[in-house]
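Residue numbers (numbering that gives the first Met the number 0), protein chains in the order written: chain A, 0 to 190; chain B, 0 to 604; chain C, 0 to 272; chain D, 0 to 83. Cβ coordinates follow ideal geometry from the N, Cα and C atoms, glycine included. Computed from a predicted model, the values in this text were never measured in an experiment.
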Amino acid sequence: MAAVTLEAAHSRAELLHQPRSNKLGLWIFMASETFLFSALISARFITSGVQKPEDLNQALAFGLTCVLLVSSISAYLAEAFIATGHRRAFLAATRVTIVFGLIFIGGVMFEWREALHNFPPGTIYGTAFFSLIGLHAFHVLTGVLGLAVVLNLGALGHFGPSNSWPVEGVVKYWHFVDLMWVIIYPALYLF
Amino acid sequence: MRPLFRAIKWGIGGYLLGAVAAWVMAGASGPLNGPIEVTVGFIAGLIGWIFGIGGWNNWGREWFGLPPKDDGKDDWRRYFRFNTDHKVVGVQYLVAFIAVMGIGGIMAMLMRLELARAGTDFMSEETYNKVMSMHGILMVAVAVAGILGSFGNYLIPLMIGAQDMAFPRLNALSFWLIPPVAVALLSAPLLGSFEAGWTAYPPLSVLAPGDGQLLFNMGVIAFGLSSILGGLNILTTVTTMRAPGMTWGRLPIFVWAGFSASLISVLFTQYFAATLVMIQLDRIAGTAFFDAKAGGGTLLYEHLFWFYSHPAVYIMVLPAFGVSLEIITHFSRKPLFAYKAVVGAFLTIVGLSGIVWAHHMFTSGMANYFHAPFMALTEAISIPTGVVFLAAIGTMWKGRIWFTAPMIMATGWVFNFMIGGITGIFHADVATDLQLHDTYFVVAHFHFTIIGGSIMGLLGGTFYWFPKITGRMYNERLGKIFALWVTIGLNVVFLPMFWVGVNGMNRRVAVYPADLQRVNEFISAAAFLLGAGFLLFIGNLLWSAVKGPKASDNPWNASTLEWSVSSPPPHHNFPLLPEVVGHPYEYGRPGARHAVLSTTGATHG
Amino acid sequence: MRREWLVVGAIWAALTALGEFVVTTWTMLPEGYSRESHVVNEAYVLLLVMAVPVFAFMVTMLGYSIVAFRHPGATEDGPNLGNNKRVVWIWLAVTAALDLAVLINPGFVGLRDIRGTQSADMAIEVVGQRWSWTVTYENGATSTTEMVVPVDTRIRFDVTSTDVLHSFWVPGFGLKVDAVPGRTTQMYVTTERTGDNADDSRLRVQCAELCGLSHADMAMTVRVVERAEYDAWVEDLKNNPPAAAQQAAGATATTAAGEQNDQQAGAAAGQEG
Amino acid sequence: MADTSERQRFDELTTEIHGRPLGQRLRIGLLVMVALAVLTLVEYAIAVEVEHPLLPLLPFAALKFVLILEYFMHFSAVLGKGDH
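Written as structure tokens, this is what we have:
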């Protein structure tokens, strides 16, 4: 009897702690990641000041920014839909997010082919450009993988209004990647 | 043991797969151990290893909607697989890092053997550089994760009355990242040049031929990841998992120390990772971060590197502050003096640690106007550190001091770390630092802070919690001899190093001016004696873990929560859920209690 | 209670007196060859003088507690004295004051003294490469085996590196500065005393920043000589460069001669004035 | 019953997700998106017009940063529910 109560108590305690822990843990992780990005962003300004080459593909970069913005809102919608129990809409929004994420990665690859020619990584701007965009694109890629996992599990019927933490977590991460782009975009293209 | 073999297989398989894939992607020309292949291979191998050891069964399966599988029963084999019990992870960390400390210690002995004579008699300069670099990085790793990984994981949940860490699987992951790191670091000297020291300053680390430096970079990045995840786990655990009534003001001081150190490790470690990624990119992708001709610069590296690596010394010593104050309190049987001030001091140290990095760079040629502010900020750290010393002596004053092995370690910590702290001022001061920087004075200084600060905390904590962890008592007489041996031996070995430092011997050299040989002979002899003392430690613990007398639940009659459960603690930590009703250190007040155990605790949430 | 503090105070005073006596009379600092090294040594001694009472206090408290409050076993508790705000504040004030004192002198004072003015009687170019130093004098003469500098002269070293980080350190001068690829760092030294590497191993240029294989051997001897001897030596070095340097210096050696003579005259005049 | 109060507490802890109805969420999302789009356009326009526009661009980046942090990531929710 006592043992049963104890087990129950333990699982109840877990039920209470885990949502907070997950959320806090993700925030701490994102804070940590911010430092990683800040290291590279500061490296960009330390090595090459506010200099930037003339032959940056501004139109493409602006387009990529818009793509990320759209994917951000679709991710937001995915979270909103699953939290209110609209599973089909959630799946659709997640798919849209993944597609836009992939478009973004494709755009980066296209941009790199040009950039490799114009300002190769051996130049000082190229160094900052390729490392920062590369780091960011890597995060987009992991975000897409996370979304894919969530989509798959969602399609298997895993999430609902009371059980949406994985979706929320991945979407938060996705927004975080967007957040970094908000800084990287002006840092690389506009300043 | 099955998961271990599987992990080795998957790790090697992953490495080969990654290397070949990278080789094909890079045009299928050139050698299979080119820089890109090694890098990608290491990453793939790391993933293979983690999945193999149990990451896949315990965790990865969930990503695909499959139920997780457990790998085996809870017998001794649980120490050799992905185990989510924080106590298992803590023991894994402790044993692994004492082993790493042994390897690093052997390197130190080899170095002292070479340094006993002024010329190169025992090993070539190339070998010396490798041994020195290896000693550096291994010991840095021990100091960074030794206490936080072992006692942090083992004790923080127990001390705050939780069943486990907030993220048990992440916890297991952060430990199992360590073995591949060890493999990478230990094989680095075998694969070509590895001579840039643990600081890996470019352009040397970029230009050095061979794969050694690549593996070093990847290994340290993975270690950084482990450190970040460990810190994240501790921060979250302390914030969300405290037992009812365990307010922030009632946390044992070790928990506060671990919390503060975790703050640093979570945030600043990324900068070290970033610098190593930059070196790696310079090596494999042709970027120009540190290529002066293209406009890059090494000062960038130094700034970013020390932005992590100075706070890192507080990752090393803060947990040891916690351990030592914990020991001093319980063995003086008095409340911790100025508890709130100490907590404030810890947090102040965390804050200050992030804005003092450039005191490592007074000779680096950075702009002169940086010197004065960084000197001022650096010296300001002595104020919060002083509070910790005040707490130590204030607690001992008028106490009932029980002079056991851990207590000797803790008082030795006060003494030795103080020498380290005072000589630190000589480096914070620009005038003296311009002469003393990169000399043996620095070597002596940081060995006093890191051995005196961090390692003595680790050793003292090992004695103190040994009965709790193993359920058996260590040999007190041998423990006392060892504690005195270390406390005194440290001074005998490292005090003369201050002298050779001011007399013009620079660090990281295999040869030095002949007129310094007599003192170096003495240092070497003393170092061998100090090193031999560690056999006493290992022998004592190994023997006691098997044959030692059974320990009671609370052999020290200490008040914190971990002593309220059996030795070793049960699987869920607490047979009855604890509810904290008072401060942890209420010695000398009749009837005061820290916690009561009850079944109703959970409902308070 | 009061007696306890009297004993502690007495031990502290005795230890402090002993310590101060030791650090001020039995100096373990070798004398340097430059004004800057005196600044370093003074700062060093001052820091020791300030550290002694602090150290003595901690040792006294620690030692006294261990001896006087020993109590085997955990059978009895000490008094429930967890906090004393006044003590904490006094402690904070004292440590802050000490910190401030250290910061002002030797901190800022030492910083000012050791840097001195940004002017020099002569400039010497120093290039570090794995694993040797090349020194170029104002007359264009170069040396890779020995550095000779005149006494009583303020010298600016312009230090750079061609490959990896090195650090230009002459222990006898009390200063070092890193040799950074792609940058020129400067170090001002005012020589004050003649000396020879043969008598003092601290008169050597030593690389102090790990630079790979032969880092430890990356050293060259230093001599501080009288002005006249220096002039003769550097002139001789230019006219009869060592075999290795000869090829490098090559054709430019003769054309630079006139220029260099003028410069020397100028420098000499500046010194007299 | 203890269970219902726990249920409530669990819901409280996750209100940021479960609290608002869908319509309100969609409105907020749309508004923020429009704001972000406008800000990005202005950013771009400034960059085209001004040489090295470090200072004028900073507030825009900061504003976008805060908008995403607050409305997409619910940052204040993490501060609001401190300890127990």
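| Would you call the CB atoms of W90/C and M217/C closer than 8 Å? | What you label residue 90/C is simply residue 91 of the third sequence in a count that begins at 1. What you label residue 217/C is simply residue 218 of the third sequence in a count that begins at 1. No, Cβ-Cβ distance for W90/C and M217/C is not below 8 Å.
| said: Against chain A, which members of the region 239–265 of chain B pass a CB distance test of less than 7 Å? | reply: Going along the region 239–265 of chain B in chain order, one finds T239, M240, V265 with a Cβ nearer than 7 Å to chain A.
| query | Count the other CB atoms within 10 Å of the CB of K51/A; is the residue buried (16 or more) or exposed (fewer)? | reply | Residue 51/A sits at position 52 when you count from the first residue of the first sequence. K51/A is buried by the Cβ-count criterion.
| task | Please state if the CB of C210/C and the CB of L203/B are separated by a distance shorter than 8 Å. | result | On the second sequence, residue 203/B is found 204 positions in, with the first residue counted as 1. On the third sequence, residue 210/C is found 211 positions in, with the first residue counted as 1. Cβ distance < 8 Å, so L203/B and C210/C count as in contact.
| Any idea which residues DSSP pairs D230/C with across the strands? | Here the question's residue 230/C lines up with position 231 in the third sequence. Beta-bridge pairing links D230/C to no other residue.
| CA nearest to the CA of T38/B, picked from I480/B, P178/B, L280/B | Residue 38/B sits at position 39 when you count from the first residue of the second sequence. Looking at the Cα atoms, L280/B is the closest of the given residues.
| message | Quick check on R19/A: buried or exposed, where buried means 16 or more other Cβ atoms within 10 Å of its Cβ? | response | Locating residue 19/A in the first sequence gives position 20, where the first residue counts as 1. So R19/A ends up on the buried side.
| Touch check for the region 112–124 of chain B and the region 142–158 of chain B: three-plus C-beta pairs under 8 Å? | no
| query | Where does G265/C land, buried or exposed, given buried means 16+ other C-beta within 10 angstroms? | reply | Working through the third sequence from its first residue, we reach residue 265/C at position 266. Low confidence applies here, because G265/C scores a pLDDT of 37, under 50, leaving its location unreliable and the question unanswered by this model.
| Beta-carbon separation of L324/B and G81/C under 8 Å? | Translated into positions along the second sequence, residue 324/B becomes position 325. Translated into positions along the third sequence, residue 81/C becomes position 82. No, Cβ-Cβ distance for L324/B and G81/C is not below 8 Å.
| said: According to DSSP, simplified to helix, strand and coil, what is K84/C? | reply: By 1-based counting over the third sequence, the position of residue 84/C is 85. Looking at K84/C - three-state DSSP - the assignment turns out to be helix.
| said: Tell me which residues share the same chain as R60/B and place their Cβ nearer than 6 Å to its Cβ, disregarding the 5 neighbours each side in the sequence. | reply: For the purposes of this step, residue 60/B is identified with residue 61 of the second sequence, where counting begins at 1. Within the same chain, R60/B has close Cβ partners P67.
| How about P179/B and A221/B: do their beta carbons lie closer than 8 Å? | For the purposes of this step, residue 179/B is identified with residue 180 of the second sequence, where counting begins at 1. For the purposes of this step, residue 221/B is identified with residue 222 of the second sequence, where counting begins at 1. Contact: yes.
| said: Can you give me the C-alpha to C-alpha distance between G530/B and T159/C, rounded to a whole angstrom? | reply: Position 531 of the second sequence, counting from 1, holds the residue named residue 530/B. Position 160 of the third sequence, counting from 1, holds the residue named residue 159/C. Straight-line Cα distance between these residues: approximately 41 Å.
| said: For the region 72–83 of chain A, list every residue whose C-beta sits within 9 Å of some C-beta in chain D, in sequence order. | reply: Going along the region 72–83 of chain A in chain order, one finds I72, A74, Y75, L76, E78, A79, F80, I81, A82, T83 with a Cβ nearer than 9 Å to chain D.
| task | Quick one: using the 10 Å Cβ neighbour count with 16 as the cut-off for buried, is Q212/B buried or exposed? | result | As a position in the second sequence, residue 212/B is number 213, starting the count at 1. Q212/B should be labelled buried.
| field | Enclosing alpha helix (DSSP H) for A98/B [first to last residue] | value | In the second sequence, residue 98/B corresponds to position 99, counting from 1. Element bounds for A98/B: 85–114.
| field | Proximity to P608/B [Cα-Cα], best of V595/B, F481/B, F63/B | value | Since the displayed chain B opens at 0 and closes at 604, residue 608/B lies outside it and no answer follows.
| query | Can you list the alpha helix (DSSP H) stretches of 4 or more residues lying completely in the region 381–438 of chain B, in chain order? | reply | 381–395, 404–427, 429–435
| task | Report buried or exposed for T46/A, applying the criterion of at least 16 other Cβ atoms within 10 angstroms of its Cβ. | result | By 1-based counting over the first sequence, the position of residue 46/A is 47. T46/A should be labelled buried.
| request: Check the Cβ-Cβ distances between L189/A and every residue of chain D, and say whether any is below 8 Å. | output: As a first step, residue 189/A must be located in the first sequence, where it is residue number 190. By this cut-off, L189/A is an interface position.
| Since V148/C is in the beta strand (DSSP E), which residue starts that stretch and which ends it? | In the third sequence, the residue the question calls residue 148/C occupies position 149. Per DSSP, V148/C belongs to the beta strand (DSSP E) from 145–149.
| field | beta strand (DSSP E) runs contained entirely in the region 150–212 of chain C, provided each spans 3 or more residues | value | 153–160, 165–169, 174–178, 184–189, 203–206
| query | Under 8 Å, do L228/B and L169/B count as touching if we go by C-beta distance? | reply | Translated into the one-based positions of the second sequence, residue 228/B becomes position 229. Translated into the one-based positions of the second sequence, residue 169/B becomes position 170. Against a cut-off of 8 Å, the Cβ pair of L169/B and L228/B comes out as a contact.
| said: Let's test the definition: count the other Cβ atoms within 10 Å of the Cβ of R111/C and tell me whether it reaches 16, buried, or not, exposed. | reply: For the purposes of this step, residue 111/C is identified with residue 112 of the third sequence, where counting begins at 1. Label assigned to R111/C: exposed.
| query | Around the C-beta of Y184/A, are 16 or more other C-beta atoms found within 10 angstroms, so that it is buried, or is it exposed? | reply | Translated into the one-based positions of the first sequence, residue 184/A becomes position 185. Answer is buried; the Cβ neighbour count reaches 16.
| query | Out of curiosity, what's the CA-to-CA distance linking L541/B and K549/B? | reply | Counting from 1 along the second sequence, the entry for residue 541/B is found at position 542. Counting from 1 along the second sequence, the entry for residue 549/B is found at position 550. Approximately 14 Å, taken between the alpha carbons.
| Do the region 41–58 of chain B and the region 7–18 of chain B make contact, defined as three or more Cβ pairs closer than 8 Å? | yes
| query | For K292/B, which of helix, strand or coil comes out of DSSP? | reply | As a position in the second sequence, residue 292/B is number 293, starting the count at 1. Correct three-state label for K292/B: helix.
| task | Quick one: grab the DSSP three-state call for E578/B. | result | Here the question's residue 578/B lines up with position 579 in the second sequence. E578/B falls in the strand class under three-state DSSP.
| Beta-bridge pairing of S33/C - partner residues as DSSP gives them | Here residue 33/C corresponds to residue number 34 of the third sequence, with the count starting at 1. S33/C pairs with T190/C.
| field | Between the CA atoms of M131/B and M106/B - distance to the nearest angstrom | value | Residue mapping note: residue 106/B aligns to position 107 of the second sequence, counting from 1. Residue mapping note: residue 131/B aligns to position 132 of the second sequence, counting from 1. One C-alpha to the other measures close to 7 Å.
| query | Whole-angstrom Cβ separation of R181/C and K292/B, contact assumed at under 8 Å? | reply | On the third sequence, position 182 is the one that residue 181/C refers to. On the second sequence, position 293 is the one that residue 292/B refers to. Reading off the sequence, residue 181/C comes out as Gly, not Arg. The Cβ separation is near 7 Å, so the contact holds.
| query | Given that a residue counts as buried once 16 or more other Cβ atoms are within 10 Å of its Cβ, and exposed if not, what is G249/C? | reply | For this step, residue 249/C is matched to residue 250 along the third sequence. Residue placement at G249/C cannot be trusted, given a pLDDT of 40 that sits under 50; what the coordinates show is reported in the next sentence. Exposed: under 16 other Cβ atoms inside 10 Å.
| query | Taking A60/D as the reference, which of V181/A, L187/A, L189/A, F190/A has the closest Cα? | reply | Position 61 of the fourth sequence, counted from the start, is the residue given in the question as residue 60/D. Taking A60/D as reference, the option from V181/A, L187/A, L189/A, F190/A with the minimal CA-CA separation is V181/A.
| task | Grab the span of the alpha helix (DSSP H) containing L108/A for me, first residue to last. | result | Residue numbering aside, residue 108/A sits at position 109 when the first sequence is read from its first letter. Correcting the residue type first, residue 108/A is Met in the shown sequence and not Leu. Unbroken alpha helix (DSSP H) run through M108/A: 86–117.
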